[in-house]
Amino acid sequence: MYMLVLCHKRRAGIPGKKCGTVIVTAEELGCCRDSVLMQFCANKLDKKDFFGKSDPFLVFHRSNEDGSFTICHKTEVIKNTLNPVWQAFKISVRALCNGDYDRTIKVEVYDWDRDGSHDFIGEFTTSYRELSRGQSQFNVYEVINPKKKGKKKKYINSGTVTLLSFLIETEVSFLDYIKGGTQINFTVAIDFTASNGNPSQPTSLHYMNPYQLNAYGMALKAVGEIIQDYDSDKMFPALGFGARLPPDGRVSHEFALNGNPQNPYCHGIDGVMEAYYRSLKSVQLYGPTNFAPVINHVARYAASVKDGSQYFVLLIITDGVISDMAQTKESIVNASKLPMSIIIVGVGPAEFDAMEELDGDVVRISSRGKFAERDIVQVGEKNFSNNYILLILFAMNSCFVYLPSFHFTIALMNFILGCL
Numbered sequence: 001m002y003m004l005v006l007c008h009k010r011r012a013g014i015p016g017k018k019c020g021t022v023i024v025t026a027e028e029l030g031c032c033r034d035s036v037l038m039q040f041c042a043n044k045l046d047k048k049d050f051f052g053k054s055d056p057f058l059v060f061h062r063s064n065e066d067g068s069f070t071i072c073h074k075t076e077v078i079k080n081t082l083n084p085v086w087q088a089f090k091i092s093v094r095a096l097c098n099g100d101y102d103r104t105i106k107v108e109v110y111d112w113d114r115d116g117s118h119d120f121i122g123e124f125t126t127s128y129r130e131l132s133r134g135q136s137q138f139n140v141y142e143v144i145n146p147k148k149k150g151k152k153k154k155y156i157n158s159g160t161v162t163l164l165s166f167l168i169e170t171e172v173s174f175l176d177y178i179k180g181g182t183q184i185n186f187t188v189a190i191d192f193t194a195s196n197g198n199p200s201q202p203t204s205l206h207y208m209n210p211y212q213l214n215a216y217g218m219a220l221k222a223v224g225e226i227i228q229d230y231d232s233d234k235m236f237p238a239l240g241f242g243a244r245l246p247p248d249g250r251v252s253h254e255f256a257l258n259g260n261p262q263n264p265y266c267h268g269i270d271g272v273m274e275a276y277y278r279s280l281k282s283v284q285l286y287g288p289t290n291f292a293p294v295i296n297h298v299a300r301y302a303a304s305v306k307d308g309s310q311y312f313v314l315l316i317i318t319d320g321v322i323s324d325m326a327q328t329k330e331s332i333v334n335a336s337k338l339p340m341s342i343i344i345v346g347v348g349p350a351e352f353d354a355m356e357e358l359d360g361d362v363v364r365i366s367s368r369g370k371f372a373e374r375d376i377v378q379v380g381e382k383n384f385s386n387n388y389i390l391l392i393l394f395a396m397n398s399c400f401v402y403l404p405s406f407h408f409t410i411a412l413m414n415f416i417l418g419c420l
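1 is the number of the first residue of the sequence shown in UniProt numbering; add one for each residue after it.
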């Protein structure tokens, strides 16, 4: 246990002048990866409101090693009833009991008041082991108000709370997916538009400095070196867009960095880097900045996988404002039902505000009146080129969001963070 003393800056050094204390307690976390989905109802709770019944809610407390209790969950309030049925809720076993199945769990029942002075109805105790029996006579709990029980000889209870359902969900780790045969397919798409600047000039984002990675190289290394260890063949398609290609100078938004459109695969991230630098010497930077072709390229492969055995990740590294917004939105909506995600990393000083339209975190993306089935795009802020670790954290944060039955995003993110 630790005690932190809070002091006001202007009162520092004045004897007896404190602004309060914060007590911090800690205990070792259990290694349990399970979560539980529970639902409760109550019957014949005490009436607390003068002009109505009660507005009951539940408060769950986990017991600590020192005998104290910590709130770990509150249900919603059900208005004007003595027989509420609360919505099912999910909570990790760590939060509920820290993996100790016999640790006491205290549940308090309150009547909600607008001013925050909620009325105590009663309480009961249980444990994870008892709850895991599921719906049965063992999981019907009497709600007891200790004060009423001490004052009234005929007091029985203040109602009952019943467990309606108890479902255990095991959180699978990233390595569990890999061991189970899930294959990650990683594709890179690099912006070769003229706004990046002449690669021979130090001011260019594509500048080939023999002593230091440029912004594009840093993004490739940060994401690719982690993912390549979990790709069985370590062969990555590497594409470019927005350049004039030899020998006729035609503009392409879906060309192979290795010069072989029938086989755009490069061996490992080092192979991708080599193909990238070789392309800079042979193509002419041009424009515009179109994303749809490379998205459709990966989507064609993802559409052929129906069983969840493979997952496709497209990393788009760009320096500027997108030119084909409508077409890109349509491509993303169509791809949202496929096992793929898109990471967009912005580099350089350009404004990327318009790119946020592609990130469905706040407003779900739509095209032609059709909404994306899920959020498959993560758009990063600019200037990642100056922070290698931030780039890794961003890229891994929420890019893997598909597999039919598992929380693949969380599993992979937890694994990557553990590697840093």
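Glycine included, each C-beta is placed from N, C-alpha and C at the ideal position.
Cβ separation of residue i and residue j, assumed to be a contact under 8 Å, to the nearest whole Å
{"i": "lysine 47", "j": "serine 54", "result": "6 Å"}
{"i": "alanine 238", "j": "valine 283", "result": "That belief does not hold up - the Cβ atoms of alanine 238 and valine 283 are roughly 13 Å apart, past 8 Å."}
{"i": "residue 436", "j": "glutamine 228", "result": "Beyond the ends of the chain as shown, which are 1 and 420, falls residue 436; an answer cannot be given."}
{"i": "aspartate 359", "j": "threonine 289", "result": "About 17 Å; that fails the 8 Å criterion."}
{"i": "glutamate 108", "j": "valine 59", "result": "5 Å"}
{"i": "methionine 340", "j": "alanine 302", "result": "4 Å"}
{"i": "tyrosine 101", "j": "arginine 129", "result": "4 Å"}
{"i": "residue 427", "j": "isoleucine 365", "result": "The first residue shown for the chain is 1 and the last is 420, placing residue 427 beyond what the model contains."}
{"i": "valine 36", "j": "leucine 96", "result": "7 Å"}
{"i": "glutamine 378", "j": "isoleucine 322", "result": "The Cβ separation is near 15 Å, so there is no contact."}
{"i": "aspartate 353", "j": "asparagine 196", "result": "Incorrect: roughly 19 Å between the Cβ atoms, too far for contact."}
{"i": "isoleucine 317", "j": "tyrosine 207", "result": "With 8 Å as the limit, isoleucine 317 and tyrosine 207 do not qualify as a contact, their Cβ atoms being about 15 Å apart."}
Inter-residue Cα distance where the pair is residue i and residue j
{"i": "lysine 74", "j": "threonine 125", "result": "15 Å"}
{"i": "threonine 160", "j": "phenylalanine 138", "result": "12 Å"}
{"i": "residue 440", "j": "isoleucine 184", "result": "Residue 440 falls outside the range modelled here, since the chain spans only 1 to 420, and no answer is possible."}
{"i": "glycine 116", "j": "glutamate 76", "result": "14 Å"}
{"i": "methionine 325", "j": "phenylalanine 291", "result": "8 Å"}
{"i": "lysine 370", "j": "valine 313", "result": "23 Å"}
{"i": "arginine 33", "j": "aspartate 307", "result": "25 Å"}
{"i": "cysteine 399", "j": "glycine 240", "result": "Note that cysteine 399 scores a pLDDT of 44, beneath 50, so its modelled location is shaky and nothing firm can be said."}
{"i": "cysteine 72", "j": "leucine 205", "result": "49 Å"}
{"i": "threonine 193", "j": "asparagine 263", "result": "23 Å"}
{"i": "isoleucine 78", "j": "arginine 114", "result": "13 Å"}
{"i": "serine 253", "j": "valine 294", "result": "Rather than serine, the amino acid found at residue 253 in this sequence is histidine. Answer to the nearest angstrom: the Cα atoms are 7 Å apart."}
{"i": "leucine 220", "j": "methionine 273", "result": "8 Å"}
{"i": "serine 331", "j": "glutamate 357", "result": "14 Å"}
{"i": "arginine 62", "j": "lysine 179", "result": "34 Å"}
{"i": "leucine 245", "j": "tyrosine 277", "result": "15 Å"}
{"i": "leucine 167", "j": "lysine 106", "result": "20 Å"}
{"i": "residue 424", "j": "glycine 67", "result": "Residue 424 lies beyond the residue range present for the chain, which begins at 1 and ends at 420; the question has no answer from this structure."}
{"i": "glycine 20", "j": "alanine 222", "result": "44 Å"}
{"i": "residue 508", "j": "aspartate 111", "result": "Given a span of 1 to 420 for the chain in the structure shown, any question on residue 508 remains unanswerable."}
{"i": "asparagine 397", "j": "proline 210", "result": "For asparagine 397, the predicted model reports a pLDDT of 49, less than 50, meaning its position is unreliable and no value from the coordinates is stated."}
Residue i in three-state terms, based on DSSP
{"i": "cysteine 97", "result": "helix"}
{"i": "asparagine 397", "result": "At asparagine 397 the pLDDT is 49, less than 50, meaning the model places this residue with poor confidence; the figure from the coordinates comes in the next sentence. Correct three-state label for asparagine 397: helix."}
{"i": "leucine 131", "result": "helix"}
{"i": "arginine 278", "result": "helix"}
{"i": "methionine 340", "result": "strand"}
{"i": "threonine 81", "result": "coil"}
{"i": "lysine 154", "result": "coil"}
{"i": "leucine 297", "result": "Looking at the sequence shown, residue 297 is not leucine but histidine. Histidine 297: helix per DSSP, three-state reduction."}
{"i": "glutamate 171", "result": "coil"}
{"i": "glutamine 378", "result": "strand"}
{"i": "glutamine 201", "result": "coil"}
{"i": "alanine 322", "result": "According to the sequence as given, residue 322 is isoleucine; it is not alanine. Residue state, collapsed to three classes: coil."}
{"i": "serine 331", "result": "helix"}
{"i": "glycine 20", "result": "strand"}
{"i": "aspartate 248", "result": "coil"}
{"i": "serine 195", "result": "helix"}
{"i": "alanine 256", "result": "strand"}
Residue range of the unbroken beta strand (DSSP E) whose run includes residue i
{"i": "isoleucine 316", "result": "310-318"}
{"i": "arginine 62", "result": "56-63"}
{"i": "glycine 122", "result": "119-127"}
{"i": "glycine 240", "result": "235-241"}
{"i": "residue 425", "result": "As displayed, the chain neither begins before 1 nor continues past 420, which places residue 425 out of reach and without an answer."}
{"i": "valine 283", "result": "Element bounds for valine 283: n/a, residue is neither H nor E."}
Beta-bridge partners of residue i, as assigned by DSSP
{"i": "tyrosine 141", "result": "Val161"}
{"i": "alanine 189", "result": "Leu239, Ile316"}
{"i": "asparagine 43", "result": "Thr160"}
{"i": "threonine 70", "result": "Arg62"}
{"i": "tyrosine 110", "result": "Phe57, Phe120"}
{"i": "serine 136", "result": "Answer is none; serine 136 lacks a bridge partner."}
{"i": "histidine 206", "result": "Histidine 206 pairs with nothing; no bridge assigned."}
{"i": "serine 232", "result": "For serine 232, which the question treats as bridged, DSSP gives no partner whatsoever."}
{"i": "phenylalanine 352", "result": "Bridge partners of phenylalanine 352: none, in fact."}
{"i": "glutamine 183", "result": "Gln310"}
Run of the alpha helix (DSSP H) containing residue i, from where it starts to where it stops
{"i": "valine 363", "result": "Element bounds for valine 363: n/a, residue is neither H nor E."}
{"i": "lysine 90", "result": "Lysine 90 -> not in any alpha helix (DSSP H); beta strand (DSSP E) instead, spanning 89-92."}
{"i": "glutamate 225", "result": "215-227"}
Contact test: residue i Cβ vs the ligand GDP heavy atom, cutoff 7 Å
{"i": "glutamate 225", "result": "Inclusion of the ligand GDP in the displayed structure is not the case, the ligand content being empty and no account of it being possible."}
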